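What follows is a single structure, written as structure tokens, with notes after it.
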Amino acid sequence: MTDPNSKPAPEDELAGTEQPFVAHLMELRDRLIKALVAVGVVAGVLALYPGPGQLYDLLAAPLVAHLPAGATMIATSVISPFMVPLKILLMAAFLIALPVVLYQVWAFVAPGLYSHEKKMVLPLVVSSTLLFFAGVAFCYFLVFGKVFAFIQSFAPKSITAAPDIEAYLGFVMTMFLAFGLAFEVPIAVVVLARIGVVTIDQLKQFRGYFIVLAFVIAAIVTPPDVVSQLALAIPMCLLYEVGIWAAKLFIKHTKAPDEEGESTEVAKS
Numbered sequence: 001m002t003d004p005n006s007k008p009a010p011e012d013e014l015a016g017t018e019q020p021f022v023a024h025l026m027e028l029r030d031r032l033i034k035a036l037v038a039v040g041v042v043a044g045v046l047a048l049y050p051g052p053g054q055l056y057d058l059l060a061a062p063l064v065a066h067l068p069a070g071a072t073m074i075a076t077s078v079i080s081p082f083m084v085p086l087k088i089l090l091m092a093a094f095l096i097a098l099p100v101v102l103y104q105v106w107a108f109v110a111p112g113l114y115s116h117e118k119k120m121v122l123p124l125v126v127s128s129t130l131l132f133f134a135g136v137a138f139c140y141f142l143v144f145g146k147v148f149a150f151i152q153s154f155a156p157k158s159i160t161a162a163p164d165i166e167a168y169l170g171f172v173m174t175m176f177l178a179f180g181l182a183f184e185v186p187i188a189v190v191v192l193a194r195i196g197v198v199t200i201d202q203l204k205q206f207r208g209y210f211i212v213l214a215f216v217i218a219a220i221v222t223p224p225d226v227v228s229q230l231a232l233a234i235p236m237c238l239l240y241e242v243g244i245w246a247a248k249l250f251i252k253h254t255k256a257p258d259e260e261g262e263s264t265e266v267a268k269s
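Under UniProt numbering, the letters of the sequence shown match residues 1 to 269, in that order.
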């Protein structure tokens with residue numbers, strides 16, 4: 001016999017929304033095309049204005065400002081003057097079109113998510129994008145100037161600095177990636193806490209170990225100078241604290257219905 005006090009099982013909100021596998025592939029293709037078109041349109045606009053050369057000049061400005069008077073950057077490869085600005089053009093186009101690309105990803109994934117999962121995924125996607133951009137901007141506007149000034153202060157007067165443009169591009173990409181990922185620390189903390197790998201108390205106890213880990217990572221991925229290492233390690237430590245605070249709020253507002261029911265029953269008992 002059915003217990004009259006038992007609650008009926010909640011209806012699956014995704015029931016009846018399944019699509020054939022081929023339909024998923026076609027939608028994925030359409031989303032990829034739209035994302036590529038967005039990147040292509042932005043690249044076309046940037047190619048017209050300000051142009052690949054001007055984009056490279058903008059990227060190289062922090063280093064050029066600290067070169068000796070009359071010194072310039074050089075190209076050691078025949079095709080470098082063409083390929084390096086083109087790579088920068090495509091990189092800038094992708095970054096500018098990233099919101100459109102992420103929207104296409106979200107539009108493809110969202111129909112298969114429950115409402116509480118949408119509450120969890122969308123804020124993570126938006127915040128991780130903003131934090132990555134913040135890390136890149138922090139590196140370009142604050143770190144580069146200090147690092148290049150520090151390095152040039154140690155250069156002997158008998159040496160004329162003439163950095164290679166390809167080597168500089170590789171250095172910039174490495175630094176952008178390092179700072180962009182470092183600023184994702186709060187996202188990593190929130191995700192680990194939300195899926196139950198660690199608890200808030202464990203994150204607090206790990207605080208001292210993370211500080212050591214942050215300085216080790218900074219020493220490995222940054223140039224061998226104190227300025228860039230501190231500029232990477234200190235924000236990572238501060239963002240770890242932000243992540244602990246954000247995890248508390250995120251866990252509270254993204255609970256699944258069954259989790260809310262369990263917490264209510266525990267509170268009543």
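Quick reminder that beta carbons are idealized off the backbone N, C-alpha and C, glycines included.
Quantities reported herein were computed from a predicted structural model and do not represent experimental measurements.
One thing to note: alanine 193 has its Cβ within 8 Å of the Cβ of isoleucine 200.
When the beta-carbon positions are compared, valine 39 and alanine 97 come within less than 8 Å of each other.
DSSP lists Asp164 as the bridge partner or partners of isoleucine 74. Pairing phenylalanine 183 with leucine 239 gives a Cβ-Cβ distance under 8 Å. Apart from sequence neighbours up to five positions away, the residues of its chain that approach lysine 34 with a beta-carbon distance below 6 Å are Gln104, ordered along the chain. Of the residues assessed, histidine 253 falls on the exposed side of the cut-off, its CB having fewer than 16 other CB atoms within 10 angstroms. Ranked by Cα distance from phenylalanine 82, the options Gly51, Arg207, Ala233 are led by Gly51. Counting along the chain, glycine 51 sits inside no alpha helix (DSSP H), nor does DSSP assign it H or E at all. For histidine 253, the enclosing alpha helix (DSSP H) stretches over residues 226-253.
Look at glycine 112 here: in three-state DSSP terms it is helix. Per DSSP, leucine 67 lies in no alpha helix (DSSP H) segment and is marked neither H nor E.
The alpha-carbon separation between alanine 61 and tryptophan 245 amounts to approximately 37 Å.
DSSP places glycine 44 within a helical segment (H, G or I) once states are collapsed to three. Of the residues Met236, Phe250, Met175, Gly180, the one whose Cα lies closest to the Cα of proline 223 is Met175. Fewer than three pairs of CB atoms, one per stretch, sit closer than 8 Å, so the region 107-123 makes no contact with the region 134-141. No beta strand (DSSP E) of 3 residues or more sits fully in the region 168-232. Contact fails between the region 72-79 and the region 118-135, because fewer than three Cβ pairs, one in each stretch, are under 8 Å apart. In this structure, the alpha-carbon of glycine 145 lies about 7 Å from that of leucine 63. In the DSSP assignment, phenylalanine 141 falls outside any alpha helix (DSSP H), carrying neither H nor E. Within a 10 Å sphere around the beta-carbon of glutamine 205 sit fewer than 16 other beta-carbons, which makes this residue exposed. Only residues of its own chain outside the window of five on either side were considered, and among them none has a CB closer than 6 Å to the CB of glutamine 202.
Distances from the CA of phenylalanine 148 to each of Glu27, Leu59, Ala65, Ala43 were compared; the closest alpha carbon is that of Ala65.
Straight across, the Cα-Cα distance linking phenylalanine 133 with valine 78 is about 33 Å.
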